[in-house]
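Going down the list, the protein sequences come from chains G and W. If you use the UniProt record's numbering, the first sequence corresponds to residues 1 to 492, in order. If you use the UniProt record's numbering, the second sequence corresponds to residues 1 to 224, in order. Just so it is clear, CB atoms sit at the ideal spot from N, CA and C, and this is done for glycine as well. Note that this is a predicted model, so its numbers are computed, not measured. Please read the structure below before turning to the comments.
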Amino acid sequence: MALIFPRVAANFARNGYYPTDEPTIERILNAIAAKDPNQRIRIIDPTAGEGVAIAEVAHHLGRENVEAYAVEYNRERADHASTLVDHCLRSDLMDTVISNTSFGFLFLNPPYGDMAPGYNGAIYDQSKGRKRLEKLFYQKSFPMLQYGGILTFIIPYNQLDDELSTWLCNHFSQLRIYEAVDKQFKQVVILGVRTKKSDLDLADRKKMLGVFKAIYLGEMKAEELPQDWPYEPYLVPSSKAELQNFYQITMDPAELAREIANLKGLWPEFNLHMKYKQSVPRAPVTKPRDWHIAMALSAGEISGPIHSSETGQTLIVKGDTHKEKVEHTEWKTEQDGSKTFIRTLIDKFVPVIKAWDMTDGSPYKGKIITITTVKDPEPEQNVNNDGVDLSSFLFPIGRLLMTRGIDDLVQQGLDLLPYVTRHGQGDWGDGYESDNKQNDRAVKAMVDGHLYERVMSVYIIDPENDLKIWIITEWHGDDDGHITTVLLPSEY
Amino acid sequence: MYTTNAVRKEENTTSLEKHMHRLEEIPDLMCDACVVDKYNNLVFLSVWGRDTALQELYSRITLAKKDKEFGLEYLTFKIQGVRTRVYVGNVKELTKRSTRTYKQTKFGTLLHTWIFDKSCIKPDKANHTATVLLEGEIPIEEFAQYHWSVIKDICPLPLLDHWRSEITPLLIDHKMCEDLKTFFGQVGGVRLILDIPKLEESMGDLILRDRLTTYPTHHTGLQH
């Protein structure tokens with residue numbers, strides 16, 4: 001026996017804590033054996049105390065193949081138990097979630113006593129007779145055993161009333177009852193194999209009920225747990241399925257802190273997540289030409305002091321480029337005389353280079369010199385749809401874009417609004433009949449207010465010069481939504 | 001020194017075990033770090049809990065004022081015996097990072113989540129603001145170096161590295177650099193809000209007085 005702490009255990013025997021005495025544990029071990037010695041066995045003690053009993057069972061069954069689980073309410077005892085078993089919860093058993101039919105062996109030496117009214121574990125209480133803690137713990141624990149799993153249940157014989165006897169006889173076969181070696185607490189040790197009700201031998205069941213009753217009433221005395229087990233040992237089955245649940249419900253700050261010390265969470269990646277990604281400047285692979293320098297400067301990639309030998313100026317420069325929206329507004333007069341306001345926003349990239357004048361004697365010393373310019377408009381422009389009557393549209397046109405070629409036409413006076421409106425209202429214009437039918441189908445097949453297939457209209461602007469425009473609306477996913485593009489066929 | 005907050009070690013904590021703070025509004029959530037700004041608005045919060053409880057937190061702070069019954073405008077922690085409120089502020093500016101689910105912990109399936117202001121990971125160059133967070137015990141020089149690189153990033157004015165010792169006190173004097181408060185945990189930081197006109201004026205003054213020079217040595221920098 002590698003793990004014996006009888007003196008330590010004896011010290012804990014107070015305040016309703018009755019650890020199983022060492023000779024009794026030893027003799028229980030003689031009565032059990034592993035069914036498949038090289039397979040994983042899962043065992044549990046839901047009221048583990050210091051965890052001595054379950055640790056000894058684990059050793060007896062072959063420590064390396066056994067996963068030992070324990071639950072203990074007292075913090076000091078739980079701390080001790082957690083050094084002996086593989087998984088230990090410091091928790092009230094009634095505040096735990098532990099999977100049913102998952103353990104091959106259950107060691108149950110519950111607290112004894114009448115339940116206080118309003119005891120917070122009472123929602124699990126199924127007792128109709130005397131409300132006893134050992135009954136509550138029995139009800140919570142026995143379902144953890146898999147069928148064929150072995151129960152070791154230790155209670156004072158005078159608590160083995162009709163109700164508890166009936167439960168035991170309904171859940172277990174091959175029941176045997178013995179007196180514990182230590183007589184101080186009048187304990188009996190009950191061994192059994194969890195069995196489906198349909199597989200119970202009714203004659204045996206009746207016989208055991210009689211035995212339990214006689215012992216309960218004191219008419220009969222259970223014999224002492226034999227030193228040398230005279231029968232075939234109870235065989236603890238292996239546990240093949242994974243254990244789904246073994247946790248406590250209420251968060252305990254100290255226990256969680258320990259768990260976090262193992263899990264670590266996001267903490268090891270703090271810098272990865274929370275530091276700005278900054279590019280490290282690298283030396284150019286080749287001597288930069290003027291335009292390289294101009295690009296790098298306006299992109300903000302290079303900065304620092306420069307000297308001009310011609311003017312004698314010293315500047316410290318830094319560049320940056322940002323996007324600006326240039327607003328273009330106009331009023332349009334419709335054919336019926338009404339006016340619509342169209343606001344066009346054009347993205348412009350604006351490089352700005354700022355420089356400190358460091359030149360001694362310069363009137364600008366200590367002043368910022370700003371160099372900026374405005375690039376050509378980008379080829380695609382955002383057109384605001386303020387002037388469009390959206391309510392008559394068959395589908396959302398979303399963001400309206402036009403190409404450079406269309407922009408040129410608009411500058412020359414082309415009004416896009418009527419075409420976009422016709423497009424939105426399902427007047428597909430001058431395209432092929434088959435394409436128009438396809439458009440109609442796409443509009444009919446809309447789900448959740450968006451198109452799954454694109455729709456396209458063709459409008460002839462100037463038949464003589466074969467000038468046509470295309471308007472295409474497509475769904476670009478949740479982020480971008482619908483985008484309607486006005487373009488020339490040649491720009492497709 | 002403005003860096004002390006970031007490098008301060010949490011009191012009453014052993015190096016192995018973090019002190020967990022229960023969120024009073026949702027007791028199934030435990031927090032191991034919390035950083036706020038000077039108005040006690042949430043900047044960074046590290047939360048552990050089950051998925052259901054975290055979803056509850058996200059939804060309740062998103063509702064905030066909109067739902068009187070469930071919305072949370074502030075979170076309450078007991079910090080060294082004192083009830084302390086952390087205001088959620090502008091929920092649209094918050095974002096999050098989460099781990100995968102840890103299965104089979106002592107508390108079932110657990111997640112770790114950080115909820116934080118977007119400015120912690122994305123400096124706002126247009127408004128010249130940024131939040132700098134650091135975790136653990138960082139040497140002051142390392143912090144200052146990182147802090148400076150963020151300043152250079154959000155400041156449109158040219159800055160030279162050897163100006164750091166002149167510029168950083170300037171930022172503090174003009175309240176452009178504020179310590180964030182660490183309620184608990186090993187995260188700390190500063191918020192930078194650069195006032196460019198004021199900075200331009202002060203720096204110009206320093207250049208005129210040759211306190212800021214082109215080169216680290218004290219010659220004029222004029223080569224030709």
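(request) Using a Cβ-Cβ cut-off of less than 7 Å, list which residues of the region 128–139 of chain W approach chain G; keep chain order. (result) Look at the region 128–139 of chain W: the residues with a C-beta under 7 Å from a C-beta of chain G are 133, 135.
Query raised in the report: Taking the continuous beta strand (DSSP E) assigned at residue 33/W, which residues delimit it?
Result: 30–36
Which of the three DSSP states, helix, strand or coil, is assigned to residue 128/W?
Three-state DSSP puts residue 128/W in coil, outside helix and strand.
- Query: At a CB-CB cut-off below 8 Å, which residues of chain G make contact with residue 55/W?
  - Reply: For residue 55/W, no chain G residue has a Cβ inside 8 Å of its Cβ, as the nearest lies near 16 Å away.
Taking the Cβ atom as the reference point for each residue, do residue 300/G and residue 316/G lie within a distance shorter than 8 Å?
no
- Output, in sequence order along the chain, the residues in the region 18–39 of chain G whose CB is closer than 8 Å to any CB in chain W. none
(message) Could you tell me which whole beta strand (DSSP E) segments of length 3 or greater appear in the region 139–206 of chain G?
(response) 145–156, 172–179, 187–194
**Study point:** Minimum Cβ-Cβ distance from residue 255/G to chain W less than 8 Å
**Key:** Chain W, which has a Cβ nearer than 8 Å to the Cβ of residue 255/G, makes this yes.
Between residue 208/W and residue 365/G, is the Cβ-Cβ spacing less than 8 Å?
-> Cβ atoms of residue 208/W and residue 365/G: closer than 8 Å.
*asked:* Taking only three categories from DSSP, how would you classify residue 110/W?
replied: The answer is strand: DSSP assigns residue 110/W an E or B state.
With a threshold of 8 Å between beta carbons, is residue 115/G in contact with chain W?
For residue 115/G, not one C-beta of chain W is nearer than 8 Å to its own C-beta.
Could you check whether residue 197/W and residue 354/G sit closer than 8 Å to each other, using their CB atoms as the reference points?
no
Given this structure, state the Cα-to-Cα distance separating residue 245/G from residue 42/G, to the nearest angstrom.
13 Å
message: Less than 8 Å between the C-beta atoms of residue 155/G and residue 188/G, yes or no?
response: yes
What in chain G is Cβ-close to residue 106/W, meaning under 7 Å? 89, 247, 248, 255, 259
Tell me which same chain residues have a C-beta within less than 8 Å of the C-beta of residue 51/W, skipping the five on either side of it?
-> Non-local beta-carbon contacts of residue 51/W in its own chain, meaning distances under 8 Å to residues more than five positions away in sequence, involve 101, 109, 111 in chain order.
Is residue 48/G closer than 8 Å to residue 81/G when the C-beta atoms are compared? Yes, the Cβ-Cβ distance between residue 81/G and residue 48/G is below 8 Å.
> Cβ of residue 293/G less than 8 Å from any chain W Cβ?
Replying inline: no
- State the start and end residues of the unbroken alpha helix (DSSP H) segment that holds residue 81/W. From DSSP, residue 81/W is part of no alpha helix (DSSP H); its letter is neither H nor E.
For residue 358/G and residue 318/G, the rounded distance between their alpha carbons | 14 Å
Name the chain W residues that come within less than 7 Å of residue 270/G, Cβ to Cβ? 135
How is the beta strand (DSSP E) around residue 305/G delimited, first residue to last? 303–307
Given this structure, state the Cα-to-Cα distance separating residue 266/G from residue 136/W, to the nearest angstrom.
Their Cα atoms are separated by approximately 13 Å.
- Message: Tell me which residues of the region 359–376 of chain G have at least one Cβ-Cβ distance to chain W shorter than 8 Å, keeping chain order.
- Response: 359, 360, 365, 366, 367, 368
| request: Could you spell out where the alpha helix (DSSP H) holding residue 147/W opens and where it closes? | output: 140–154
Exercise for review: Could you name the residues that DSSP lists as bridge partners for residue 46/W?
Suggested key: 33/W, 114/W
_Rounded straight-line distance, which links the Cα of residue 140/W to that of residue 258/G_ = So the two alpha carbons sit approximately 29 Å from each other.
(Q) Here's the rule: buried if 16 or more other CB atoms are within 10 angstroms of the residue's CB, otherwise exposed. What is residue 436/G? (A) For residue 436/G, the number of other beta carbons within 10 angstroms of its own is at least 16, and it is reported as buried.
Margin query: Closer than 8 Å between beta carbons: that is the criterion. Which residues of the region 20–37 of chain W meet it against chain G?
Written below: 20, 21, 22, 27, 28, 29, 30, 32
Exercise for review: Could you tell me whether the region 193–206 of chain G touches the region 162–178 of chain G, using the rule of 3 or more Cβ pairs below 8 Å?
Suggested key: yes
Next item on the list: Determine the extent of the alpha helix (DSSP H) in which residue 106/G is found, giving its start and end residues.
Entry: Not the alpha helix (DSSP H): residue 106/G falls in the beta strand (DSSP E), residues 103–108.
* Under the rule that 16 or more other beta-carbon atoms within 10 Å means buried, what is residue 351/G, buried or exposed? -> buried
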